[in-house]
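Keeping their order, the protein sequence lines are chains A and B.
Here the first sequence is numbered in the working numbering, starting from 2 and rising by one per residue.
Here the second sequence is numbered in the working numbering, starting from 174 and rising by one per residue.
Glycine included, C-beta positions come from ideal geometry on N, C-alpha and C.
Quick caveat, the model's predicted, so the values are computed rather than measured.
Okay, structure first, notes after.
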Amino acid sequence: DQQVKQNSPSLSVQEGRISILNCDYTNSMFDYFLWYKKYPAEGPTFLISISSIKDKNEDGRFTVFLNKSAKHLSLHIVPSQPGDSAVYFCAASATGSNYQLIWGAGTKLIIKP
Amino acid sequence: DSGVTQTPKHLITATGQRVTLRCSPRSGDLSVYWYQQSLDQGLQFLIQYYNGEERAKGNILERFSAQQFPDLHSELNLSSLELGDSALYFCASSVGVAGGRETQYFGPGTRLLVL
């Protein structure tokens, strides 16, 4: 039972354009969401997070949007840069579950020059 | 560099064997988490230790065990290995206990291949 789904295994975007990565979840108890980025041969690194009391959080070129009614979140990267090429993981946690992170399978983002 | 170290980087072993993976957290971090990532899958949470005590357990098999030592480094022991245990094993650390609410810092992982 996949509680966090990233339905696009890969995404290719032109440098300078907007990258939009999507994530859906099924557990309505999730109240905190995070995005991590992973380069080959490295561990994931934290990118941005959002609490369920917000619908948007912005950090520089990265913005995460949360649509609770649709159980959907998205990560926008504007403008996309070559260094953004990586695998992006969406993760979620719920209060009362020891805050365990439930992870999606990841989306590989490729930025084309 | 996240400050989290994991050894070894690669491990090749045979079915039925036992291995130990080691993790040193970032300086000052009290929580250590272990995750398993099988091919093209998301990370599966295995277990969390906080300041030497087991804090939370995920989908960890009975054949697997972990501990956190007084110097806060942690070891993950995998025994009676099966082919399906082949995966990337990540260790992460954080300052507090609420791993899903605070930034976790990940090591580079140990790639385990069971033949």
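Take the alpha-carbon of A/A71 and the one of B/G189: they are about 46 Å apart.
The three-state reading of DSSP puts B/L216 in coil, since its state is none of H, G, I, E or B.
Per the coordinates, the alpha-carbon of B/Y223 lies some 11 Å from the alpha-carbon of B/P198. Against A/F90, the close residues of chain B are G215 and L216, in the order they occur along the chain (beta-carbon pairs closer than 9 Å). Each of A/S29, A/G17, A/M30 and A/D25 was checked against the Cα of A/L76, and the nearest Cα belongs to A/D25. Residue burial annotation: A/V79 is exposed, with fewer than 16 other C-beta atoms found within 10 angstroms of its C-beta. With 16 or more other CB atoms across the displayed protein chains lying within 10 angstroms of its CB, A/K38 is buried.
Between the C-alpha atoms of A/F63 and A/I49 there is a straight-line separation of about 8 Å. Taking 8 Å as the cut-off, the Cβ atoms of A/L67 and A/S53 count as close. Between the alpha carbons of A/I19 and A/S81 lies a distance of about 6 Å. Residue range Y33 to K39 is occupied by the beta strand (DSSP E) that includes A/Y33. When 9 Å is used as the limit between beta carbons, A/E59 is near no residue of chain B, the shortest such separation being about 17 Å.
DSSP places B/L288 outside both helix and strand once states are collapsed to three, so it counts as coil. For the stretch 262 to 276 of chain B, residues whose beta-carbon sits nearer than 9 Å to a beta-carbon of chain A comprise F263, C264, A265, V270, A271, G272, G273, R274, E275 and T276. Nearest C-alpha to A/N23 among A/A92, A/Y33 and A/T96: A/A92. As DSSP reads the structure, B/F242 sits in no beta bridge. DSSP places B/D258 in the helix class (H, G or I) of the three-state scheme.
Taking one beta carbon from each stretch, the stretch 258 to 272 of chain B and the stretch 199 to 211 of chain B have 3 or more pairs nearer than 8 Å; the two touch.
By the criterion of a C-beta distance shorter than 7 Å, A/G17 is surrounded in its chain by P80 and S81, once the five residues flanking it on both sides are discounted. Less than 8 Å divides the Cβ of A/Y89 from the Cβ of A/G107. In this model, B/S267 and A/S29 are separated by some 26 Å (Cα to Cα). Within chain A, no residue has its beta carbon less than 8 Å from that of B/A187; the closest one is some 25 Å off.
Cβ neighbours of A/K109 within its own chain (closer than 6 Å, five residues either side excluded): S11 and V88.
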